[in-house]
Amino acid sequence: MRFVMKKKYYEDIRLFKYRSTFFWYLALVTGCLTIPIALDDYFISILTFICIYAVGALGLMLLAGFTGQVSMGHAAFFAIGSYTAAIITTKGGPLLLAIPAAGILAGLMGIIIGLPVLRLSGLYLSIATIALAFIVEEILVRWESLTRGNLGIYVESPSIGPLEFSSGISLYYLSFVVLIIVILLAKNILRSPTGRAMIAIRDSEVAAQAMGISLPKFKTTAFAISAFFTGIAGALYTYKISFINPESFTLLLSIEFLAMIIIGGLGSVHGAIFGAIFFVVLPNAIILTKDYLPKFVRDQTGLEAALFGLMIILFILFEPMGLYGRWLKIKYYFETFPLYKKDTFKREKSYQKVERQ
Amino acid sequence: MSFFEAKNISIRFGGIRALELVNFDVKKGEVFSIIGPNGAGKTTIFNCINRYYDLDEGAFIFNEKDISRVRPHVVANLGIARTFQNIELFRRMTVVDNLLLGRHRRRRSNLFAEALFTGFVRKQEIENREKAEDIIDFLDLQAYRDQIIENLPYGVQKTVEIGRALAMEPELLLLDEPSSGMTLEETEELSFWITDIKEELGITILMVEHNMKFIKEISDRTMAMSFGEVITQGTTAEVLEHPEVLKAYLGEEDAFTEN
Ligand SMILES: Nc1ncnc2c1ncn2[C@@H]1O[C@H](COP(=O)(O)OP(=O)(O)OP(=O)(O)O)[C@@H](O)[C@H]1O
Ligand SMILES: [Mg+2]
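One line per chain: the protein sequences are A and B, in this order.
All residue numbers for the first sequence refer to the numbering used here, where the first residue is 117 and numbers rise by one.
All residue numbers for the second sequence refer to the numbering used here, where the first residue is 404 and numbers rise by one.
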């Protein structure tokens with residue numbers, strides 16, 4: 117264990133507490149930029165989807181994990197981002213306009229919808245957001261002049277000037293860079309007054325108000341930031357699969373995003389990334405290992421969905437802090453190796469259990 | 404014109420008259436205490452000031468402004484900080500983070516600057532931390548600085564809650580039973596701090612308390628209540644000897660013998 121001495125206050129607000137942490141992340145980013153060159157299209161595609169879903173999951177994480185407002189309608193913002201990007205690109209608009217526009221439009225919808233909806237809390241909020249997702253889905257089907265309804269929209273590869281994102285790897289780099297930018301924005305917000313206010317609202321609305329935090333203002337802000345990120349993820353998704361129609365954005369997608377952040381670990385940025393990795397890798401792992409499974413298991417339909425559901429239940433029961441919590445424990449074990457005590461995290465866990473009753 | 408004033412405030416919960424035409428005023432720079440048996444309506448006064456409940460009648464005047472119709476967070480932003488009878492800290496955050504939340508009303512940055520963590524935001528954060536560090540020193544919380552609230556002993560949590568209120572740099576501080584659940588030693592320390600808060604920081608204090616010895620030590624003026632009504636108010640010594648007050652506490656004599 118390292119002990120941090122308080123010499124300068126600035127040390128507290130740095131993104132990386134220790135120099136070594138910074139180098140680990142630098143190594144990770146370098147790895148993510150160089151290794152894919154040697155990979156085939158299949159793996160690059162997996163990595164791209166991880167980046168895209170991580171951006172969206174991070175959006176939902178800010179709202180559900182950090183502000184405590186569980187939205188079951190995030191597919192709506194993902195869809196708004198997707199369609200905005202698709203429409204701008206098919207009309208010849210540049211990529212550097214399409215991606216921010218997708219985020220901003222989704223964010224604005226977040227504000228418009230957030231204002232009335234955020235007066236509700238808990239289960240009522242969740243149900244209202246589901247309703248919102250249905251409405252958006254319905255609009256996408258009906259507003260044919262803009263969205264082509266059920267026919268969907270084909271999108272050619274986007275480009276920035278002469279730089280065309282046609283190959284798998286270029287699109288991967290685009291998604292990866294967007295993910296990094298989004299992570300940095302989220303981290304900055306979280307170490308600023310807005311982020312603290314969001315977490316305060318999650319932990320105690322009464323106390324938050326006594327600190328001068330306006331609940332409607334900061335809940336709406338959280339909704340807008342969350343929708344903004346998710347909209348950007350939607351834009352990337354459009355370019356990745358190059359064909360979208362309303363069926364890509366059902367209630368199932370909203371639930372998948374929720375599953376990602378629960379499995380990854382609520383209330384941490386890492387959790388959103390881990391959740392996205394898990395979500396993309398699991399089905400692929402199932403496909404790859406299918407041949408080795410006994411025949412009666414292999415032939416079951418809905419194997420992936422069932423496994424996914426099972427994982428969520430297991431995580432909620434045994435590891436409420438998600439994959440990130442598990443990772444912290446493993447890291448702590450090695451850092452303190454000979455001294456590790458079995459019950460170090462016990463208290464935390466029992467608290468989490470009580471809280472859910 | 405007084406600094407803080409409750410004018411004919413009344414509130415009812417169903418059939419219960421929790422407050423009935425209560426009047427009192429707090430002068431700038433004093434410690435004003437409210438005493439009364441359980442259920443007298445003391446906490447309800449605080450909750451009305453904070454706008455968690457709507458008054459049925461009457462008004463609170465603070466710095467010549469009627470604050471009885473504003474939204475809850477505005478009360479804090481006008482300079483009224485408080486602690487809660489049952490501790491309302493952010494339980495999963497560290498002591499420092501709780502104190503930093505007290506700084507919220509001093510926020511001058513906007514979301515976009517924060518997302519980019521501009522130089523201005525950085526400077527503001529450093530200022531906030533300096534302030535938090537001052538409070539940690541003031542209340543002797545160094546040992547708990549980076550600990551999660553829920554792992555701390557009750558008395559320390561109560562102290563952190565006072566610290567969080569001080570981080571707001573309020574003009575008026577509402578303390579709901581600050582000494583309850585504290586050890587003798589902690590109560591002693593608390594009475595020094597409250598005197599310091601009043602004298603060094605110049606913060607006016609409105610306090611609900613049960614510990615009579617403690618009130619005698621630090622309270623300038625006191626108001627006694629029972630069943631939502633004021634029995635008497637005046638200097639602390641006068642009020643504590645008032646026969647009606649003694650009667651209201653009948654069967655609770657230990658309140659006076661408590662040390
Ligand atoms: N939200 C509420 N709904 C209904 N009744 C309430 C509510 N809040 C308070 N009361 C009632 O109002 C009365 C005054 O309660 P209050 O909490 O103000 O008492 P108190 O003087 O702070 O007592 P204590 O010394 O026990 O803290 C009590 O009868 C209580 O039951
Ligand atoms: Mg009370």
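All C-beta atoms, glycine included, are put in the ideal place defined by N, C-alpha and C.
Point to revise | Chain-order list of residues whose beta-carbon lies under 6 angstroms from that of GLY223(A) (same chain, five-residue window excluded) | key: Translated into the one-based positions of the first sequence, residue 223(A) becomes position 107. Taken in chain order, the residues that qualify are ALA340, ALA343 and PHE344.
**Study point:** Straight-line Cα distance separating LYS430(B) from VAL470(A)
**Key:** Within the first sequence, numbered from 1, the residue matching residue 470(A) stands at position 354. Within the second sequence, numbered from 1, the residue matching residue 430(B) stands at position 27. Any answer about VAL470(A) is weak, because its pLDDT of 42 lies below 50 and its placement is not dependable; what the coordinates show is given next. Spanning the two alpha carbons is a distance of roughly 45 angstroms.
Check your understanding: With respect to 8 angstroms, is the separation between the Cβ of ASP579(B) and the closest non-hydrogen atom of ligand 2 below this value?
Key -> To locate residue 579(B), count along the second sequence from 1; it is residue 176. Because some heavy atom of ligand 2 lies under 8 angstroms away, the Cβ of ASP579(B) counts as near it: yes.
Check your understanding: Quick one: does ILE218(A) have its CB under 9 angstroms from some CB of chain B?
Key -> As a first step, residue 218(A) is located in the first sequence; it is residue number 102 there, counting from the start. Reading the sequence as shown, one finds Ala at residue 218(A) and not Ile. Chain B contact via Cβ: absent.
Check your understanding: In the DSSP assignment, what are the bridge partners of ARG415(B)?
Key -> Locating residue 415(B) in the second sequence gives position 12, counting from the first residue. ARG415(B) is bridged to ARG420(B).
Check your understanding: Does the beta carbon of ILE293(A) come closer than 9 angstroms to any beta carbon on chain B?
Key -> Taking the first sequence and counting its residues from 1, one reaches residue 293(A) at position 177. Residue identity check: residue 293(A) is Val in the sequence provided, not Ile. No, no contact with chain B.
Review point. So, helix, strand or coil for ILE626(B), using DSSP?
Key: Locating residue 626(B) in the second sequence gives position 223, where the first residue counts as 1. Per the sequence presented here, residue 626(B) reads as Met, with Ile not at that position. Strand at MET626(B).
Exercise for review: Return the chain-ordered list of same chain residues with a C-beta closer than 7 angstroms to the C-beta of ILE419(B), the five sequence neighbours on each side being excluded.
Suggested key: As a position in the second sequence, residue 419(B) is number 16, starting the count at 1. The answer is none, since no qualifying residue turns up.
Review point. For TYR467(A) and chain B, any beta-carbon pair shorter than 9 angstroms?
Key: Residue numbering aside, residue 467(A) sits at position 351 when the first sequence is read from its first letter. Reliability of the predicted coordinates at TYR467(A) is poor, the pLDDT of 44 falling under 50, and no value is obtained from them.
Review point. Which residue comes first and which comes last in the alpha helix (DSSP H) that contains ALA244(A)?
Key: The count along the first sequence starts at 1 and reaches residue 244(A) at position 128. Where ALA244(A) is concerned, the enclosing alpha helix (DSSP H) stretches over 238-258.
Check your understanding: What does THR337(A) touch in chain B if you count any residue whose Cβ is under 8 angstroms from its own?
Key -> Residue mapping note: residue 337(A) aligns to position 221 of the first sequence, counting from 1. Within 8 angstroms Cβ-Cβ: LEU514.
Check your understanding: At a cut-off of 8 angstroms, is PHE345(A) close to ligand 1 when judged by its beta-carbon and the heavy atoms of the ligand?
Key -> Stepping through the first sequence from its first residue, residue 345(A) is reached at position 229. PHE345(A) Cβ: outside cutoff for every heavy atom of ligand 1.
Check your understanding: Taking Cβ-Cβ distances shorter than 8 angstroms, what residues in chain B pair up with THR310(A)?
Key -> On the first sequence, position 194 is the one that residue 310(A) refers to. Correct list: LEU514 and GLU517.
Practice item. Say yes only if the C-beta of MET628(B) is nearer than 8 angstroms to one or more non-hydrogen atoms of ligand 1, and no if none qualify. Key: Here residue 628(B) refers to the residue found at position 225 of the second sequence. The answer is yes for MET628(B).
Check your understanding: Taking 8 angstroms as the cut-off, does the CB of THR446(B) come closer than this to any heavy atom belonging to ligand 4?
Key -> In terms of ligand content, the structure shown lacks ligand 4 and carries ligand 1 and ligand 2 instead.
Review point. At a Cβ cut of 7 angstroms, what residues of the stretch 601-612 of chain B count as close to chain A, listed as they run along the chain?
Key: none
Review point. Using the rule of at least 16 other Cβ atoms within 10 Å of the residue's Cβ for burial, across every protein chain shown, is ASN411(B) buried or exposed?
Key: As a position in the second sequence, residue 411(B) is number 8, starting the count at 1. ASN411(B) should be labelled exposed.
Review point. Using a threshold of 8 angstroms, is the CB atom of ALA421(B) nearer than that to any non-hydrogen atom of ligand 1?
Key: On the second sequence, residue 421(B) is found 18 positions in, with the first residue counted as 1. At least one heavy atom of ligand 1 is nearer than 8 angstroms to the Cβ of ALA421(B), so yes.
Exercise for review: Tell me whether SER136(A) is buried or exposed, calling it buried when 16 or more other Cβ atoms sit within 10 Å of its Cβ.
Suggested key: On the first sequence, residue 136(A) is found 20 positions in, with the first residue counted as 1. Its Cβ having fewer than 16 others within 10 Å, SER136(A) is exposed.
**Study point:** Residue span of the beta strand (DSSP E) that contains VAL164(A), given as start and end
**Key:** Looking up residue 164(A) in the first sequence gives position 48. In the sequence as presented, Val is not what sits at residue 164(A); that position holds Thr. Premise fails: THR164(A) lies in the alpha helix (DSSP H), 157-176, not in any beta strand (DSSP E).
Review point. Who are the Cβ neighbours of ILE547(B) in its own chain at under 7 angstroms, not counting the five residues just before and after it?
Key: Position 144 of the second sequence holds residue 547(B). Checking the sequence shown, residue 547(B) turns out to be Tyr, not Ile. Taken in chain order, the residues that qualify are VAL498, LEU555 and VAL559.
Check your understanding: Is it right to say SER466(A) is buried, meaning 16 or more other beta carbons lie within 10 angstroms of its own, or is it exposed?
Key -> Residue 466(A) sits at position 350 when you count from the first residue of the first sequence. Unreliable placement is indicated for SER466(A), whose pLDDT of 43 sits below 50; no coordinate value is reported for it.
Exercise for review: From the DSSP output, in three-state form, read off THR660(B) for me.
Suggested key: Here the question's residue 660(B) lines up with position 257 in the second sequence. At THR660(B) the pLDDT is 49, less than 50, meaning the model places this residue with poor confidence and gives no usable figure here.
Check your understanding: Under a three-way DSSP split, which group does THR150(A) fall into?
Key -> Here residue 150(A) refers to the residue found at position 34 when the first sequence is read from its first residue. Reduced to three states, the DSSP call for THR150(A) is helix.
Check your understanding: Can you tell me the Cα-Cα spacing of LEU444(A) and ASP319(A), whole angstroms?
Key -> For the purposes of this step, residue 444(A) is identified with residue 328 of the first sequence, where counting begins at 1. For the purposes of this step, residue 319(A) is identified with residue 203 of the first sequence, where counting begins at 1. Distance between the alpha carbons of LEU444(A) and ASP319(A): 22 angstroms.
Check your understanding: Helix or strand or just coil, what does DSSP make of ARG130(A)?
Key -> On the first sequence, position 14 is the one that residue 130(A) refers to. Three-state DSSP puts ARG130(A) in coil, outside helix and strand.
Exercise for review: Could you tell me the distance, in whole angstroms, from the CA atom of GLU517(B) to the CA atom of VAL145(A)?
Suggested key: Here residue 517(B) refers to the residue found at position 114 when the second sequence is read from its first residue. Here residue 145(A) refers to the residue found at position 29 when the first sequence is read from its first residue. Each residue's Cα considered, the two are about 24 angstroms apart.
Review point. What residues of chain B sit near ASP319(A), judged by a beta carbon separation below 8 angstroms?
Key: Working through the first sequence from its first residue, we reach residue 319(A) at position 203. Within 8 angstroms Cβ-Cβ: PHE493, ARG494, ARG495 and MET496.
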